[in-house]
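Enquirer: Numbering-wise (the numbering used here), the sequence shown opens with residue 426 and increments by one.
By construction, the Cβ of each residue, glycine as well, lies at the ideal position given by its N, Cα and C atoms.
Source: prediction; values computed, not measured.
Have a look at this one.
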Amino acid sequence: CEQTPWEKWYAEGGIQFIKEPTDSELIIAYYGNVYQIELSEVKKVESGNAVCEACNVCPTSYYFSAKVKSSYVTKMTELKWAKI
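The following block contains the structure:
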């Protein structure tokens with residue numbers, strides 16, 4: 426299975442939490458610690474797409490959205506986030 430960058434960072438011990446973090450908590454911690462980018466309002470959004478879970482090649486049924494300061498937009502775009 427292909428992991429997101431924040432899942433890989435967490436699995437490698439990049440950070441420890443007292444309890445299992447939510448996706449939002451982990452994403453905020455990852456970008457804050459690794460890139461010094463402050464994210465807010467991180468949300469998991471269901472896209473409504475039907476997906477096959479056989480090989481992880483197909484897109485997922487969700488995506489994440491987040492708010493960042495305008496000074497971070499270029500870096501987030503370089504990290505494969507899209508401005509919406």
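Less than 8 Å between the C-beta atoms of Ile452 and Ala507, yes or no?
Expert: Cβ distance not < 8 Å, so Ile452 and Ala507 don't count as in contact.
Enquirer: With a floor of 4 residues, list each alpha helix (DSSP H) that falls wholly inside the region 434-477, ordered by position along the chain.
Expert: The region 434-477 contains these whole alpha helix (DSSP H) runs: 448-459.
Enquirer: How far does the alpha helix (DSSP H) with Val492 in it extend, from its first residue to its last?
Expert: According to the sequence as given, residue 492 is Lys; it is not Val. Taken as a continuous stretch (DSSP letters only), Lys492 belongs to no alpha helix (DSSP H), being part of the beta strand (DSSP E) at 487-493.
Enquirer: Near Lys500, which residues of its chain fall below 8 Å by C-beta distance, leaving aside the five closest residues on each side in sequence?
Expert: Cβ within range, chain order: Tyr460, Ile462.
Enquirer: Is the distance from the Cβ of Val467 to the Cβ of Phe442 below 8 Å?
Expert: Not closer than 8 Å, so no.
Enquirer: Measuring only the C-alpha atoms, how far is Ala382 from Thr502?
Expert: There is simply no residue 382 to check, as the chain begins at 426 and stops at 509 in what is shown.
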